[in-house]
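Numbering (the numbering used here), first residue to last: 87 to 511. Written out below as structure tokens is the structure these notes cover.
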């Protein structure tokens, strides 16, 4: 490819634009083709005609049709903000899932940026230290604004250790005779691999690898290190986790949209809990063929789930009054819902609703790790306490300069600093 297009490449490498943009600045990953021409579909060689792997090898920056870059570590509310962005016509690539290298993330982002869609596009980066991390960042070259989600570090730590998901073998389809204890047994804690979090003590703390990769939390504490890899930052808007919870969310989303100069759409339920117990429990499929004349299934979803009304009807109120779930049926099966079936379902869902409430209460009573337990651990471990303080003080540099009010509001971080001062001077 290089030989076939040698004249074009040579012309670019000898140009004033290349000198100013790459050679003069001693850029570590200089593009071997002119990025301006690559963005033009009318050019013989452009982003649409070059394979992603070759584009990566030639250090071609990602196409410049993204509006902003969005940063934020695990446990800072990024999944919630992703949904709120979608409400405002912004699509974000999930290029941290199953993409272990910079090349894989580059390919994913490139495909999204080249897709023909009316959505506003952005680039998302959620973690640090993956293979070719620096190169991936350096190929994001458009001067733009950054959104950075942050949170009290100790709240992030507890979010990590208490993080739950749905078990891989969770029951997704059941019938009227299924054991609901088995159906609702679907919670999986990453820290323990079981249905409860790991017990936090010094022994477990030191043996749990995820807590101490490179002395720790590089998917949690990496703000300044991450920003240092970008040369294209116009300005940064820091968003604290507590500002996208409950009534604060609408105000924050309007602020973000104004910062990014995009249209804010207020007519959405921004108070919706994006991640919670009901997200793990639902959806479920209930086979009710035992009480109907043919094979019929009901889809049970969260109460605020938006479904395709062309395919399904909501029959919840015919069966039970619930603020936790909806009961949906395919339109083609609606005629089978006679009085006999409805009465049977009313009796069944009275039992189902009670069992669901019991499960939710049980989960709320589950012993979760608290921030104070982390502080107690660091009180015992002098070496890691000093290392953590050193890491935090570095990573928080830019935040302290631009949003000292946020740092001052972090209760547990402030307690940790006070503890270090008292113990270490």
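For every residue, glycine included, the Cβ atom is placed at its ideal position computed from N, Cα and C.
I think residue i touches residue j, with their Cβ atoms under 8 Å apart; what is that distance to the nearest whole Å?
| i | j | result |
| --- | --- | --- |
| residue 322 | residue 232 | 5 Å |
| residue 235 | residue 164 | 6 Å |
| residue 150 | residue 228 | 4 Å |
| residue 330 | residue 166 | 6 Å |
| residue 442 | residue 243 | So it is not a contact: roughly 30 Å between Cβ atoms. |
| residue 366 | residue 250 | 6 Å |
| residue 277 | residue 307 | That belief does not hold up - the Cβ atoms of residue 277 and residue 307 are roughly 18 Å apart, past 8 Å. |
| residue 569 | residue 203 | Residue 569 is absent from the structure shown; the chain starts at 87 and stops at 511. |
| residue 87 | residue 140 | 6 Å |
| residue 219 | residue 186 | Wrong, their Cβ atoms sit about 11 Å apart, outside the cutoff. |
| residue 239 | residue 489 | Not a contact, Cβ separation roughly 15 Å. |
| residue 426 | residue 405 | About 13 Å; that fails the 8 Å criterion. |
| residue 358 | residue 390 | 6 Å |
| residue 98 | residue 119 | 6 Å |
Just mark residue i as buried or exposed, buried being the case when its beta carbon has 16 or more other beta carbons within 10 Å.
| i | result |
| --- | --- |
| residue 387 | buried |
| residue 474 | buried |
| residue 395 | exposed |
| residue 174 | buried |
| residue 111 | exposed |
| residue 339 | buried |
| residue 283 | buried |
| residue 409 | exposed |
| residue 259 | exposed |
| residue 362 | exposed |
| residue 494 | exposed |
| residue 198 | buried |
| residue 468 | exposed |
| residue 195 | buried |
| residue 147 | buried |
| residue 159 | buried |
| residue 457 | buried |
| residue 93 | exposed |
| residue 300 | With a pLDDT of 46 at residue 300, under the threshold of 50, the modelled position of this residue cannot be trusted; read the value that follows with caution. Answer is exposed; the Cβ neighbour count stays below 16. |
| residue 332 | exposed |
| residue 447 | exposed |
| residue 230 | buried |
| residue 414 | buried |
| residue 407 | exposed |
| residue 105 | exposed |
Per DSSP, what kind of secondary structure is residue i in: helix, strand or coil?
| i | result |
| --- | --- |
| residue 104 | helix |
| residue 155 | strand |
| residue 354 | coil |
| residue 92 | helix |
| residue 345 | helix |
| residue 411 | strand |
| residue 494 | helix |
| residue 286 | coil |
| residue 462 | helix |
| residue 433 | helix |
| residue 471 | helix |
| residue 423 | coil |
| residue 439 | helix |
| residue 270 | coil |
| residue 335 | helix |
| residue 449 | helix |
| residue 301 | Residue placement at residue 301 is poorly supported in this model, since its pLDDT is 41, which falls under 50; the coordinates are not used for a value here. |
| residue 444 | helix |
| residue 368 | coil |
| residue 169 | helix |
| residue 363 | helix |
| residue 406 | coil |
| residue 129 | coil |
| residue 507 | helix |
| residue 99 | helix |
| residue 140 | helix |
| residue 121 | helix |
| residue 488 | helix |
| residue 329 | helix |
| residue 499 | helix |
| residue 112 | coil |
| residue 280 | coil |
DSSP has residue i in a bridge; who is on the other side?
| i | result |
| --- | --- |
| residue 416 | 398 |
| residue 275 | 250 |
| residue 373 | 261 and 383 |
| residue 177 | 207 |
- Item | Continuous beta strand (DSSP E) assignments of at least 3 residues falling wholly in the stretch 377 to 402 | 383 to 388 and 398 to 400
- Give, in chain order, every unbroken run of the beta strand (DSSP E) that is at least 3 residues long and sits entirely within the stretch 188 to 266. 206 to 211, 230 to 236, 250 to 252 and 259 to 261
- Item | Entirely enclosed alpha helix (DSSP H) segments - the stretch 303 to 327, minimum 4 residues | 309 to 313
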